[in-house]
Structures are given as structure tokens and as C-alpha cells.
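**Student:** As you go down the protein sequences, you meet chains Z and L in turn. Taking my numbering, the leading residue of the first sequence gets 577, the next gets one more, and so forth. Taking my numbering, the leading residue of the second sequence gets 577, the next gets one more, and so forth. Glycine residues also receive a C-beta, built at the ideal position from the N, C-alpha and C atoms.
Number of protein chains: 2
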Amino acid sequence: MIHGVYTDVAALGSAPAGEVRVRGYVRTSRFNAHVGFIELNDGTQFYGAQVVCDLDTRPGLAAAAKYATGSSLDVAGELVFTPEARQPFEIRAASVTLVGDCDADYPMQKKRHTLEFMREMPHLRVRTNTFSALFRVRNCVSMAIHEYLQSEGFMWVATPILTGNDAEGAGETFGVTADSSAGDGGFFGKPASLTVSGQLHVEPFALAFDRAYTFGPTFRAENSNTTTHAAEFWMVEPELSYADLEDDMEVMEGLVRFVTGRVLERCPDETAFFNDRIDETHTLTARLAKTRDTDFRRMTYTEAVELLEKSGRDFKYPVKWGLDLKTEHERYLCEEVAQSPLFLTDYPKDIKAFYMRLNPDGKTVAACDLLVPGVGELIGGSQREERYGELIRRMNEVGIPVESLSWYADLRRFGSVPHAGFGLGLERFLLYVTAIGNIRDTLPYARTPGNMVF
Amino acid sequence: MIHGVYTDVAALGSAPAGEVRVRGYVRTSRFNAHVGFIELNDGTQFYGAQVVCDLDTRPGLAAAAKYATGSSLDVAGELVFTPEARQPFEIRAASVTLVGDCDADYPMQKKRHTLEFMREMPHLRVRTNTFSALFRVRNCVSMAIHEYLQSEGFMWVATPILTGNDAEGAGETFGVTADSSAGDGGFFGKPASLTVSGQLHVEPFALAFDRAYTFGPTFRAENSNTTTHAAEFWMVEPELSYADLEDDMEVMEGLVRFVTGRVLERCPDETAFFNDRIDETHTLTARLAKTRDTDFRRMTYTEAVELLEKSGRDFKYPVKWGLDLKTEHERYLCEEVAQSPLFLTDYPKDIKAFYMRLNPDGKTVAACDLLVPGVGELIGGSQREERYGELIRRMNEVGIPVESLSWYADLRRFGSVPHAGFGLGLERFLLYVTAIGNIRDTLPYARTPGNMVF
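This is how it looks when you write it as C-alpha cells:
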């Protein structure tokens, strides 16, 4: 019953005209006394295939009129190319067989649903245009990240999710417990939490293999409800040996431009959909092409603060050298000043992490953020402090017990080399390339405070 | 200082002879009055480069004798091809500069360490031959998994790590808590645990996109100390629409053979190392080539039980139709009977999960395990029960509250289609292709009961 000769809808465009057999779900269906049209989507590409039932020549096909939206069908017929029509081809049905019918309470009917409504049904929203496009782009972006980094000599490493060592203060952590405790101190003999960043764990691999990256889930237990924060999200964190901030930014820019190019090349239907239906200004495709083709701008934090102070804007949060920038400041800088992705560099050391390399001025560190229009911060990166003495001094300064990270400090005692790295949030990148406004709609099953569907 | 023109050791083999500049760590170093040899490894390939210091012509290079194992160096010199020698090329040094020296307590000295000793220092063991080879193969295997599945039309999906819905009983779970609780019921408004399998969450994606797979970390809170179990491990779980167990096994076999072939092709130095230094019988390479080139054998569970009963072997655990097979039985079947990877199919329903499709005999399900020599079970898979009534009947039979998985049952109400899938443990696959004996040595940072280093 199953091993038949079927054609994917994605393959129809380049198939020879003639007899074909396809399977898929009914997206829409309309029948009159003479003809019926079924839009059949099999999930192999964004657009489905139009199935035409000519009831005058094949009156038996009238039975197909009762197959509702959401049903799965097995269709045999003739593939006909229709270059003059809106659809480049159609299938003139010889037979239409029901595989699985669809109960009348199917929620994904033709009428338009809000994204909020669909968030409650992640198992079904994937059958709609918006989420079909979104998860295709998510797959494309993820594979392009691997492709670019592998081609640039980075080795993928699965840094651990469970850790006893999240001392870097990147955010609030989730604790982990087990009923089957192995004695005192819990299952692992000490408290375990979910990782907030794989960076510290990936550094030893970059130092052993020249270049390495982790790409996996990351967790923040922050009770904040914003459109850009989730409790569980995916992050790619590359780390490179013999590198300073300049080398680091080259990889960041190379990665963002390559992946953006892959989206435009591999997901043209999806990008056009987001441009026309999601992006209010309908400029998404043009913005992405510009990102792919144009060098990113660069500016120091100090220059940025001066620009913000002179802007005459009435920002909600204060601007002053030494304070962290907020999303409103970041978006002003990249959307209105640079009108492009923008690197801000050399932040005050007191608002950045202990492992970032101190600049010769003694006040700033060799760190950068990449800001992009519509989102704000997309990437944070830095050269790492490779000097043992400086690292220990800084850990003492910020109150991190050296013994808790002696293994990390070890890397500076055994053949230390200059190195750098960064972290890019996959879902924020998806917000950027799809113009979707809420991170909850970029995750297969979003987890946010108070929300965990399935 | 950093943006120099350097060559990776991996690129030296195809570089033109002449001036080169390389960087890396001292693996070994030996000097006499006339000449010094430094084995320099930069992590870009398994083997390092031999640096030759001719002290008669360049007496200043004598200073390089003091750079200890583990130090990082910057070497300029002449690349010379030596086809008659053991190494295909060497670098005749013009200058050797210290980048970072190495403290005398560096644990990865030349003498051989036990794998147990090195487990306590995952940040440094990556600089040894065994773990350099292991993590290169891990990267190769992981990328080959993506490559094969993407080329076969599978879409990658990040199923969630945090779940409120692990009712399938695949194993004991870790619980998750947060200090910053969002009201009653914890951070998410209900209890959260770490996923034991992404299968239930990937099925909706396979049904929407024809084929989908999840590839990510998975957790089992079982207090068992074996060489094949870890508390945190990576699993790939593909799922395909319009498929029965036969279609499913085709993908499993295709995947295992493709990935094994990629390891042989892309990691020849590493495979040779494992064959010569780790595999006691020195037959690893031959076994992998056979796996790549030969059809896998197949046998029903019922046939396997008969064979085991007739074997005359004194097994530790009993063999009887209806009982689960243990590793000793599985290894006997694939190592001694089949002498190849072996599919066992059609297991009794009572020892398999509720979602597996009931066979017409009413006693067995359309499930299979793939057994491989040296490891035992590598893959478990099945056709899924796509019939709503059968699924509900089975859930009631095994005591799973239907309301807890109503979303999963929904998929059988809204255009249900026959589908199938499987789960392959990445680390077990690594045991198979490297002949390493303990899963703890296949994980960047292993987590097992009582153990969580860093």
C-alpha cells in the first residue's frame, strides 16, 4: 500500500508532463456542477499543487467535493504545464482517493487566524502558510550556519546542557533535579543547572582544534515577557584561535551575509511571502539583499554614545558613557543612523563579562555587538582575555571565585593563545530574515514565563 | 599581530614548497647539539607537522629547545616535501617564537594516560591523539547525518528540551525549577521536565512537511552505570509520512551506511588510529567497510527467540517469547549469527511503546531494532499507529490518560496518514565507528550518575 511510485509536489515543476500520482492535504476546495479545484499541499515545498476535477468528462470525481480542508488525499492524474496561468502547472485528476478524513472541528480552516491563536496549537499551525514558510526558513538558516562554519574550518561541538559551572553571570538559571538521586548533592553529586551559554565549554575545543562552535539549546530563567526573549532558544557560539576582535568581526559578518544569501537563494517563495504578507513596509527582500551585498558599518561605543547624546531624541532610558544601551538606542543607531547592520565596539569593561580582553586604555574591552534593523542586538562577541594574570585580576574584581573556574583559567597556563568568539541567537536571526515580530512564532514549541504548550 | 599570513597544517600537504608560517602546540620536542625536532600540532588535522631546527646553520634556534610540551609557538621556515620519509613533509625552521608557555604541571605529557584519568580533564584531553580523533569523527558523523537526511527531504526541527508532556514512559526524567517563578505551578505554570525523546513533538512536523527530523540533546535520569548509558546524550529522530516499517528501515540502513562511508572517506587518519590503537582485533576499518558496502540482515523477533533458544548458550538472562532481549542476546545475534548489522522486527506489543502500530496478528507491533556488533542496539524504530481508534484503545490499555496527549491523538483526526520513524543515539554510533568502549569518552563533557566535570 505504501511503496508506490509517487511524485513530490516539489518535483512536479521539473517532472515530464504526463501521468503522476501525488499525496497531500486539502488546503482549499471548491466545486461547482462542472469542475472542482483542490489545492493539495504535501509539505515538500511552500506552494501546493492545483488538482482539477473535470466533472463533465469524469462525473465520478464529484465524490471528491466532500473531502474537507485538512483531509489527506491520494491523487492520480495528468500533469499539465500551464505557463499562461497563475500556477505553472496543474494536475487533471483521474482519481481522488481519501487517505485520512478530517473532523469538522479542524481549527486551521481557510479563514485567517491570529498568530496568538495559533500559538496554542503548535502541532497544527505548521500546516499554515506562515508557519510552513517560517520553519522552512529556520531549516535553511540552521543548515547554512553549519555550512558556513564548517567551510571556514570550525568543528561542531555539543557543549553540555547540564552544567555545574554557570558562574559567568549571563542570566538566571534553571535548576535540575532527579528522583533517582545518586547520594548526597543530587544525581550528579553537586547542584546542576541548565546552560546559559556554551562559550566557556567551547573555548577548550577551539584551543585544541583551532576553530570550534557550539550550536544548541540555551536557557534563561528570566521572568521577562518581551517579543525577543524566550526561556529556551538556540544559539550558535563560534570560537577561533589566534584571533582578535577584528578577526572575530570578519567571521560574524561573513556568517550573517552568507546565511542571508542562502535564504534569498533557497527560500524565494518563503521570502516573497514574508515580504508581501508579514513585513508592513514590503521592503524585506530589499533589506536582505542589501545585508548580503554591503559591508557592515562599524562604530565604537564611545562614538555611539556621542551620537545618541547629540541626536535630540527623547529616549525613554538615559544615555551616558558607562551605561548599557537599550533596544531603543540600538535600533536608532542601526535603523536611522547606519541604515544597515552596525557593529558597536569597545564597550566599557564594567558592563561586559569578566572574560573579555581589556583594551590598552584600561577602561574598555575588545567586545562588540552587532545591531540589525528591526531587532536590535543580534550578536555579542569579544576577544577573550588570554593573559592569565589579567583574567585572575578581573575575576577577583567582579567577585567570581577563581577555584570555581580554575579549569577555564588553566587554558591560560598551558600554551595560551589569543582567541575570540561570539554568540548569535538563532531565533533573533529568524526575526530579522522573516520580519515576524515575536520570538514565540520562530520556535517549534515556544517556552516563555507561564507558557509551555505540550 | 594576529592578521598574519599563516598556513594551517591541514593545508601544508597541498601547499607549494617554500616559505611558510604556522602556529600550534608542541606535542613532542627533542634536541641534540646539532638538530632539534618539534612536533607541532595546530588542531586543523589529526597529524601535526614536524619542525626541524638545524642548529649547525642556525645556532640561534637552540633557544627553542626550552619550549616544553604544551607550549604554543609561531614558526617561520621552509616547507620541504620528503616523500621518502615517514612524514610527507617537514618545516625547516628559520625562526621559532614562543606565543604562550606551558606550566610544568601540564598533565598531557607524552606518556600514555588512561581514559579514566583524562575524563577528569575534558578541557585538556582534547589535545591528545585519542580525543582529537574522537571529536573529529564526532563532527564528521554529525554533519553526515544532516547531509544524508537533508538530501532525502527531511527538514530539521528543534523539538523542545523543556516539556510538560513526557508521558510516553521512555525513561525517568529530570525535573526543572526556577527561582523566578511566574506564580503557581512554577515558571511555566505547570511542572517541567527535560525531554527523553523528541519523537512525539517531531511527528506534527513530519505530517506537515512530509519528512522531518530532530537532532539534539536528550536526557535520562536513570541511576545506571554502564558503558552505554549517559544522563545527557544526543539523538537523531527522523519521521516520515506515507511510510511503513519497510520504508522506515530503508532510511535507517541508508543513513547508517552513508554516515559510515563518510567517516571512512573524510577521517582516514582517525579511522586508522582507532583500528591500530583502540580496536583490539584491528578489524575496525574492515568492519566499517563491510557496513558501508553490504545489505543489512533482517529477522523477526520471533525467529530471533527461536535461534537464541536453540543456541545452546548459557545466557545470564532468560530467553522466552514475550521477554525483552538483553545486550548479551543482541550481541550474540549480530556478532555470531549475522556477523553484520541486523534488524530485528515485529516485537511483542507488550514490551514496546503505545504509539507503535499493531500488526494484523494482534500480538506484535511494526517495530524494529537495529543491532550492531560491539554495541548491541543502535536504533529503535517503528511504524506509528495512525488509526485514531487503535491509538486510544492502546493508550487506555497501558494507562496513559488520553487528555494528556490529546494533541498527539489529534493528528489522527485531522487527515491522518501512515507514518514511521526511529531514534539513533549519536554516542552509540560513535562507539560503533571508533571501537571506543565507554560512552563517557564520546561526549565532550560526559554527565553520568555522580559525575559532572565542569
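(1) Specify, as a first and last residue, the run of the alpha helix (DSSP H) that V672(Z) falls within.
(2) Considering only residues of the segment 775-838 of chain L, which uninterrupted beta strand (DSSP E) runs meet the minimum length of 3 residues and lie entirely inside it, listed in chain order?
(3) For F693(L), count the other beta carbons within 10 Å of its own beta carbon; 16 or more makes it buried, fewer makes it exposed. Which is it?
(4) Taking the alpha carbon of C678(Z) as the reference point, which residue from F990(L), Y1008(L) and E882(L) has its own alpha carbon closest?
(5) Starting from D871(L), find everything on chain Z with Cβ-Cβ shorter than 8 Å and list it in chain order.
(6) Of all the options R597(L), T804(L), H777(L) and E696(L), which has the alpha carbon lying nearest to the alpha carbon of G952(L)?
(7) Could you name the residues of the segment 658-678 of chain L whose beta carbon sits closer than 9 Å to any beta carbon of chain Z, in the order they occur along the chain?
(8) Comparing the C-beta of G646(Z) with each C-beta of chain L, is any distance below 8 Å?
(9) So which residues on chain C does L770(L) lean against when the C-beta distance must stay under 9 Å?
(10) Kindly indicate which three-state DSSP category H858(Z) falls into: helix, strand or coil?
(11) Determine the burial state of G999(Z): buried for a count of at least 16 other Cβ atoms within 10 Å of its Cβ, exposed for fewer.
(12) I want to see whether chain Z comes within less than 8 Å of R829(L), judged by CB atoms only; does it?
(13) Helix, strand or coil, according to DSSP, for A734(Z) in the structure here?
(14) If contacts are defined as beta-carbon pairs under 8 Å, then R787(L) and F730(L) qualify, I think. What distance do you get, rounded to the angstrom?
(15) Determine the direct distance from the alpha carbon of T604(Z) to that of W732(L), and round the result to whole angstroms.
(16) Please go through the same chain and pick out, in chain order, the residues whose beta-carbon is closer than 6 Å to the beta-carbon of G762(L), but skip the five residues on each side of it.
(17) Where do the N-terminal and C-terminal ends of the beta strand (DSSP E) with N715(L) fall, by residue?
(18) In chain L, what lies closer than 9 Å to F613(Z) by C-beta?
(19) Taking the CB atoms as reference points, tell me whether A782(L) and S817(L) lie closer together than 8 Å.
(20) If the cut is a Cβ gap below 7 Å, which residues of chain Z does G997(L) touch?
(21) Work out the CA separation of V672(Z) and T1024(Z) for me, nearest whole Å.
(22) Quick one: does I1015(L) have its CB under 8 Å from some CB of chain Z?
(23) Pick out whichever of E829(Z), T876(Z), Q775(Z) and L1007(Z) has its Cα sitting closest to the Cα of G997(Z).
(24) Could you tell me whether the segment 701-716 of chain Z touches the segment 835-843 of chain Z, where touching means 3 or more Cβ pairs closer than 8 Å?
(25) Assuming V993(Z) and S648(L) form a contact by the criterion Cβ under 8 Å, report the distance between their Cβ atoms to the nearest whole angstrom.
(26) So that I know if they touch, is there some Cβ in chain Z lying closer than 8 Å to that of K766(L)?
(27) Looking only at its chain, what residues have a beta carbon closer than 7 Å to the beta carbon of M577(L), apart from the 5 residues adjacent to it on each side?
(28) List in chain order: all unbroken alpha helix (DSSP H) runs of 4+ residues lying wholly within the segment 983-1013 of chain Z.
(29) Near V675(L), what residues of its chain come up, given a Cβ to Cβ distance below 7 Å and the 5 sequence neighbours on each side ignored?
(30) Shorter than 8 Å from the beta carbon of G703(Z) to some beta carbon of chain L?
(31) With Y964(L) as the anchor, note down where its alpha helix (DSSP H) starts and where it stops.
(32) Report yes if the CB atom of T940(Z) is closer than 8 Å to the CB atom of K925(Z), and no otherwise.
(33) Thinking C-beta only, is I737(Z) closer than 8 Å to T771(Z)?
(34) To the nearest angstrom, report how far apart R634(L) and G594(L) are at their CA atoms.
(35) Closest to G609(Z) by CA distance: which of C629(Z), D618(Z) and P793(Z) is it?
**Tutor:** In terms of the structure at hand:
(1) Element bounds for V672(Z): not the alpha helix (DSSP H) but the beta strand (DSSP E), F665 to G676.
(2) 787-795 and 808-817
(3) exposed
(4) F990(L)
(5) Correct list: empty, because the minimum Cβ distance to chain Z is about 17 Å.
(6) T804(L)
(7) V675, G676, D677 and C678
(8) yes
(9) This model lacks chain C altogether, as its protein chains are Z and L.
(10) coil
(11) buried
(12) With the sequence shown as reference, residue 829(L) is identified as Glu, and Arg is not the correct amino acid for it. Answer no: the Cβ-Cβ gap between E829(L) and chain Z never drops below 8 Å.
(13) coil
(14) 4 Å
(15) 27 Å
(16) none
(17) Segment N705 to S727 is the alpha helix (DSSP H) holding N715(L); no beta strand (DSSP E) there.
(18) None at all; the shortest Cβ gap to chain L is about 18 Å.
(19) yes
(20) Per Cβ cutoff of 7 Å: no residues; G997(L) is ~14 Å from chain Z at best.
(21) 43 Å
(22) no
(23) Q775(Z)
(24) yes
(25) 5 Å
(26) yes
(27) The predicted position of M577(L) is uncertain, since its pLDDT is 48 and thus under 50; a value taken from the coordinates is nonetheless stated next. Excluding positions up to five away in sequence, the list is empty.
(28) 1002-1010
(29) R599, S648, L649 and D650
(30) A quick correction: the sequence has Arg, not Gly, at residue 703(Z). At least one chain L Cβ lies under 8 Å of R703(Z).
(31) Y964 to V974
(32) yes
(33) yes
(34) 18 Å
(35) This sequence places Ala at residue 609(Z); Gly is not what is there. Minimum Cα distance to A609(Z) is reached at C629(Z).
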